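Visitor:
Residue numbers (the working numbering): 41 to 219.
#1: Below 8 Å, can you find three or more Cβ-Cβ pairs linking the stretch 156–164 to the stretch 119–139?
#2: Taking all protein chains shown into account, do 16 or more other C-beta atoms lie within 10 angstroms of the C-beta of residue 170, making it buried, or fewer, making it exposed?
#3: Taking DSSP as the reference, what is the three-state secondary structure of residue 192?
#4: Assuming residue 107 contacts residue 89 under a Cβ cut-off of 8 Å, what Cβ separation, rounded to an integer in Å, is found between them?
#5: So what's residue 156 in DSSP terms, helix, strand or just coil?
#6: Quick check on the DSSP output: the alpha helix (DSSP H) that includes residue 110 runs from which residue to which?
#7: What is the C-beta distance between residue 87 and residue 113, in whole angstroms, given that I count them as a contact (C-beta under 8 Å)?
#8: Would you kindly work out how many angstroms separate the C-alpha atoms of residue 125 and residue 145, rounded to a whole number?
#9: Measure the alpha-carbon distance for residue 153 versus residue 197 and round it to whole angstroms.
#10: Between which two residues does the beta strand (DSSP E) containing residue 91 stretch?
#11: Please return the same chain residues whose Cβ sits closer than 6 Å to the Cβ of residue 105, not counting the five positions on each side in sequence.
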């Protein structure tokens, strides 16, 4: 993790990125995390990210990439970026959301400076390619997904910056109160 990426990392509640016990909570909304032995997903009704234990992943990269993919989904909640999250598995609407989350998570991994190799990059590409097959008659959807992925990253960065400013103001107010 690079020092430039620390602000973005602070956007996530520390219970979401499990191995980051020293990262302060910077994201105003709380996003619950549950551990499931079998699968990772975002539950929109509970507004909760569910992820298998870290020891079930082949690499640290895969673990964080999966968490960020599910966190990217969480930005579609009606209280955040309000994307259409109603698609059934393998439907066009579902494919569109999967593209946004996967591209968003790969952008976030890059921004956070988490190391990757050709295998990781190929995994992202294969996942995106699989969902593109469903919307192959609509090539503009890839560009819309990239645009929305940028919005996901910006949203998370903005939440981090806004929370950081609020914390700075609270500290300043406390210092003035006790001065």
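Using N, Cα and C, we set each Cβ at its ideal position, and we do this for glycine too. Because the structure is a prediction, the values reported are computed rather than measured.
Guide: Taking the geometry as given:
#1: No: fewer than three Cβ pairs fall under 8 Å.
#2: Indexing the chain shown from 1 puts residue 170 at position 130. Taking a 10 Å sphere around the C-beta of residue 170, we find fewer than 16 other C-beta atoms and assign the residue as exposed.
#3: Translated into the one-based positions of the chain shown, residue 192 becomes position 152. Assigned with DSSP and collapsed to three states, residue 192 falls in helix.
#4: Position 67 of the chain shown holds residue 107. Position 49 of the chain shown holds residue 89. Going by Cβ atoms, the distance from residue 107 to residue 89 rounds to 7 Å, so yes, they are a contact pair.
#5: In the chain shown, residue 156 corresponds to position 116, counting from 1. Reduced to three states, the DSSP call for residue 156 is coil.
#6: Within the chain shown, residue 110 is the residue found at index 70, counting from 1. Per DSSP, residue 110 belongs to the alpha helix (DSSP H) from 100–114.
#7: Residue mapping note: residue 87 aligns to position 47 of the chain shown, counting from 1. Residue mapping note: residue 113 aligns to position 73 of the chain shown, counting from 1. Wrong, their Cβ atoms sit about 11 Å apart, outside the cutoff.
#8: As a first step, residue 125 is located in the chain shown; it is residue number 85 there, counting from the start. As a first step, residue 145 is located in the chain shown; it is residue number 105 there, counting from the start. Between residue 125 and residue 145, the C-alpha separation is close to 17 Å.
#9: Along the chain shown, read from residue 1 onward, the residue named residue 153 stands at position 113. Along the chain shown, read from residue 1 onward, the residue named residue 197 stands at position 157. Each residue's alpha carbon lies about 15 Å from the other.
#10: What you label residue 91 is simply residue 51 of the chain shown in a count that begins at 1. 88–91 is the span of the beta strand (DSSP E), which, as asked, contains residue 91.
#11: For the purposes of this step, residue 105 is taken as residue 65 along the chain shown, with counting starting at 1. Correct list, in chain order: 145, 149.
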